[in-house]
Amino acid sequence: MNDRLPPPHGFLHRLAALRDDLSPAERRVADFVLAHAARVPRMNLASLAAEAAVSEPTVIRFARSLGCDGIPDLKIRVAQSLAAGAPYVHAAIDAGDDLHAIADKVFASSVDTLQSLRRHIDMQAIARAVDAIAAASRIDFIGNGLSSVAARDAEQKFMRLGLPTMRHGDTHLQRMSVVTLTPRDLAVVFSYTGQLRDIVRTTEMARAQGATVIGITRSGSALATLCDILIAVDTQENTFVYAPMATRLAHLVVVDLLSTAVALRSGPDGLALIRRVKTAVRDEWLVEPEGDEA
Numbered sequence: 001m002n003d004r005l006p007p008p009h010g011f012l013h014r015l016a017a018l019r020d021d022l023s024p025a026e027r028r029v030a031d032f033v034l035a036h037a038a039r040v041p042r043m044n045l046a047s048l049a050a051e052a053a054v055s056e057p058t059v060i061r062f063a064r065s066l067g068c069d070g071i072p073d074l075k076i077r078v079a080q081s082l083a084a085g086a087p088y089v090h091a092a093i094d095a096g097d098d099l100h101a102i103a104d105k106v107f108a109s110s111v112d113t114l115q116s117l118r119r120h121i122d123m124q125a126i127a128r129a130v131d132a133i134a135a136a137s138r139i140d141f142i143g144n145g146l147s148s149v150a151a152r153d154a155e156q157k158f159m160r161l162g163l164p165t166m167r168h169g170d171t172h173l174q175r176m177s178v179v180t181l182t183p184r185d186l187a188v189v190f191s192y193t194g195q196l197r198d199i200v201r202t203t204e205m206a207r208a209q210g211a212t213v214i215g216i217t218r219s220g221s222a223l224a225t226l227c228d229i230l231i232a233v234d235t236q237e238n239t240f241v242y243a244p245m246a247t248r249l250a251h252l253v254v255v256d257l258l259s260t261a262v263a264l265r266s267g268p269d270g271l272a273l274i275r276r277v278k279t280a281v282r283d284e285w286l287v288e289p290e291g292d293e294a
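The opening residue of the sequence shown carries number 1 in the working numbering; numbering runs sequentially from there.
Printed below as a string of structure tokens:
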């Protein structure tokens with residue numbers, strides 16, 4: 001058995017992470033395996049090739065690209081991954097799906113993503129990130145496209161804790177901001193793929209100023225290699241057609257985890273700040289919300 005791969009439970013995670021690095025034909029095999037992983041252990045080479053609409057040699061190359069010793073090894077690793085409880089991409093949404101089927105698939109994808117994140121999140125990285133956030137003189141939150149949602153949420157949550165935060169939605173403004181960072185400051189960068197040129201370049205600029213970089217992105221990506229603290233979010237989504245919906249939820253949960261930990265560390269003073277911020281907008285409520293005042 002080839003020892004280049006991680007333990008079996010991580011095989012489908014690794015496949016999802018490497019998908020974009022495969023050839024176009026091999027990506028078709030990857031998409032089929034991720035969408036129909038439960039079927040793969042019962043299939044032979046010919047049926048795999050037919051279902052993925054590729055040649056049999058392509059399937060063999062695909063297996064070798066992942067470090068497998070052949071199709072039997074590939075099937076074993078997929079089976080072991082499933083048996084270990086590793087979730088995989090929910091069944092692809094088809095044009096013929098009715099509303100109930102779409103709802104089932106979207107909810108299943110979100111639930112699987114969050115359960116997987118909880119099992120695999122690096123709590124040592126979380127602890128280091130909490131330390132860095134609490135000690136920072138200034139924090140720039142950076143994210144473009146869909147990742148800007150998490151960056152905006154983080155800015156608002158940490159602002160409520162009295163931390164000096166900044167966020168810009170424009171790449172030029174992001175770069176003008178990060179070049180004013182210092183070694184006492186922090187850049188928190190969100191990216192689904194970690195492979196976007198503008199995000200990578202902006203992060204390089206932040207590092208050049210000596211700022212600490214926290215990355216919330218895919219492990220093994222270009223962005224990940226630039227991070228002082230990497231919070232890996234290796235979700236499994238086929239984004240060829242659909243935007244990374246479940247990944248966005250995973251990023252938001254990481255923000256909630258970090259902000260909650262920082263708030264608890266700040267003690268009574270932090271809670272007092274949260275209450276003060278909430279009171280500042282109380283006049284805008286039509287109905288007083290239920291629950292804790294903070």
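The C-beta atom is built at its ideal place from N, Cα and C for all residues, glycine as well. Quick caveat, the model's predicted, so the values are computed rather than measured.
- For Leu223, no beta strand (DSSP E) run applies, since DSSP gives it neither H nor E.
- By the criterion of a C-beta distance shorter than 8 Å, Ser110 is surrounded in its chain by Met245, Ala246 and Leu249, once the five residues flanking it on both sides are discounted.
- Out of Gln174, Glu26 and Pro268, the CA that lies nearest to the CA of Met205 is found in Gln174.
- The count of Cβ pairs closer than 8 Å, one atom from the segment 142-154 and one from the segment 95-104, stays below three, leaving the stretches out of contact.
- Boundaries of the beta strand (DSSP E) around Met166: Thr165 to Arg167.
- Cβ neighbours of Glu155 within its own chain (closer than 7 Å, five residues either side excluded): Phe141, Thr165 and Arg167.
- Excluding the 5 residues flanking it on each side, Leu257 has same chain C-beta neighbours closer than 7 Å at Ile126, in chain order.
- Taking the C-beta atoms as reference points, His251 is found no nearer than 8 Å to Phe158.
- Of the candidates Leu82, Ser47, Leu45 and Arg152, the residue whose Cα lies closest to the Cα of Ala38 is Leu82.
- For Arg128, the CB contacts under 8 Å within the same chain, skipping 5 residues up- and downstream, are Ile229 in chain order.
- Taking a cut-off of 8 Å for Cβ pairs, the segment 51-59 and the segment 24-37 touch, as three or more such pairs fall below it.
- Contact check for Val200 against Leu226 passes: the beta carbons are separated by less than 8 Å.
- Contact annotation: the segment 180-196 touches the segment 206-217, with at least three C-beta pairs closer than 8 Å.
- In the three-state scheme derived from DSSP, where H, G and I count as helix and E and B as strand, Leu15 is classed as helix.
- 8 Å or more divides the Cβ of Ile133 from the Cβ of Val233.
- Ala53 sits in coil when the DSSP states are folded into three classes, being neither helix nor strand.
- Between Leu273 and Gly162, the gap from beta carbon to beta carbon is short of 8 Å.
- The continuous stretches of beta strand (DSSP E) do not include Ile121, and DSSP gives it neither H nor E.
- Going by DSSP, Ala187 is part of the beta strand (DSSP E) stretching over Leu186 to Phe190.
- DSSP, read as helix, strand or coil, puts Leu249 in helix.
- Going by beta carbons, Asp185 and Ser259 fall outside the 8 Å limit.
- For Leu34, the enclosing alpha helix (DSSP H) starts and ends at Pro24 to Ala35.
- By the criterion of a C-beta distance shorter than 6 Å, Glu51 is surrounded in its chain by Phe32, once the five residues flanking it on both sides are discounted.
- Nearest to Leu15 by alpha-carbon distance, out of Ser55, Gly220 and Asp131, is Gly220.
- No Cβ-Cβ contact shorter than 8 Å links Ala151 with Gln195.
- Annotated three-state conformation of Val59 is helix, per DSSP.
- Secondary structure of Thr193 (DSSP, three-state): coil.
- It is roughly 29 Å from the alpha-carbon of Gly215 to the alpha-carbon of Lys278.
- In terms of Cα proximity to Ser266, the closest of Arg118, Arg160 and Asp21 is Arg160.
- Secondary-structure assignment with DSSP links Asp140 through a beta bridge to Met166 and Ala187.
- Taking all protein chains in view, the Cβ of Asp283 is surrounded by fewer than 16 other Cβ atoms within 10 Å, so the residue is classified as exposed.
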